[in-house]
Each structure stands twice: as C-alpha cells, then as structure tokens.
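Numbering (this note's numbering), first residue to last: 133 to 298. Note that beta-carbon positions come from the ideal geometry of N, C-alpha and C, so glycine has one too. Read the structure below first, then the notes.
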C-alpha cells in the first residue's frame with residue numbers, strides 16, 4: 133500500500149468524507165438506466181463510505197460495496213442509507229474480495245486510479261453479466277479552464293514525485 137493510499141485508513145479522513153458534496157440525482161438515474169441484465173446486482177469498488185452504494189441501493193437488488201479501509205466501511209454503515217440490507221459491505225482490496233456476482237453494473241467513484249488495473253479487471257470480468265457496464269464516476273466540473281495552471285501547482289507541491297495529470 134502506498135503512503136498516499138494509507139491516508140484512507142485514518143478516521144479523520146473517513147469523518148471528513150461526510151462534507152464532500154454528494155453525487156447529483158442524475159448520476160443515479162443514469163446508473164439505474166445502464167442496468168439491463170437480471171439480477172440487478174452492483175459491485176461498487178473502492179466504495180469508501182458509500183457515496184455511490186448508499187443512494188444506489190434503493191434502486192437495485194443488491195450491491196457489494198468493497199473498500200480496503202475499515203474506517204471507511206464503518207463510516208458508510210453509519211451514514212444515511214448505510215444500513216440498507218441490500219448493501220453488503222466488505223473490507224477488502226478488490227484483488228482479494230469475495231465476489232459473488234453476477235454483476236450487471238460495476239461502479240468506481242473517484243477510486244479506480246488507486247487500483248492495479250490489470251489485476252482489478254481480470255478479477256471482475258468473470259463475475260459480470262453479458263451486458264454489464266463499468267462506470268467510473270468523478271467529482272467536479274467537466275470543463276476546467278484553469279486546469280493548466282493548477283497542474284503546475286500540483287506538480288510543484290505534490291508529495292508524489294511521479295505525478296502525471298493525464
């Protein structure tokens with residue numbers, strides 16, 4: 133685990149997530165529409181405190197919310213909707229998670245960049261329905277005219293010397 137990823141193990145980080153803006157309802161409308169197979173099961177990887185899993189759970193049959201940080205899962209269970217019986221919280225990395233599938237949708241909310249892609253996708257694919265979709269959801273605006281100048285600041289001050297903004 134990298135030093136930066138280890139920060140998600142801190143209770144203060146999990147606590148701070150409650151102050152992040154929620155995903156808009158339109159995100160969940162689109163996710164719901166992407167599910168065309170039965171059962172309507174979802175795998176939320178890098179689920180954190182359930183910003184996707186909790187609101188989506190009332191629209192699907194079941195959702196497996198997987199995150200490697202116990203404090204994030206604990207926070208998710210305490211947040212609104214975290215006690216929905218359709219959510220199966222699991223403390224695990226995706227590489228070793230217990231995947232039951234089949235999944236008609238896989239979501240990754242601002243988390244896929246933390247995972248080893250080749251291992252992650254190889255692990256997920258055998259558990260997908262024929263028409264399953266993978267959706268990566270990020271926070272923030274689509275058009276950021278200030279991005280070029282911001283990248284210069286990030287590169288100058290980043291603790292990760294190999295930062296690549298692309």
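Residue j beta carbon less than 8 Å from that of residue i
i, j, result
"residue 240", "residue 167", "no"
"residue 173", "residue 193", "yes"
"residue 236", "residue 264", "yes"
"residue 251", "residue 211", "no"
"residue 226", "residue 195", "no"
"residue 208", "residue 197", "yes"
"residue 143", "residue 223", "no"
"residue 185", "residue 155", "no"
"residue 282", "residue 259", "no"
Of the residues the options, the one placed nearest residue i, counting alpha carbons only
i, options, result
"residue 266", "143, 161, 175, 157", "175"
"residue 242", "158, 280, 179", "179"
Whole-number beta carbon distance between residue j and residue i, since they are thought to touch under 8 Å
i, j, result
"residue 256", "residue 268", "13 Å between Cβ atoms; not a contact."
"residue 187", "residue 213", "6 Å"
"residue 190", "residue 216", "7 Å"
"residue 262", "residue 169", "6 Å"
"residue 271", "residue 171", "Actually they do not touch by this definition, with Cβ atoms about 29 Å apart."
Beta-bridge partners of residue i, as assigned by DSSP
i, result
"residue 268", "240"
"residue 194", "173"
"residue 199", "223"
"residue 235", "260"
Continuous beta strand (DSSP E) stretch holding residue i: start and end
i, result
"residue 221", "219 to 223"
First and last residue of the uninterrupted alpha helix (DSSP H) at residue i
i, result
"residue 288", "279 to 289"
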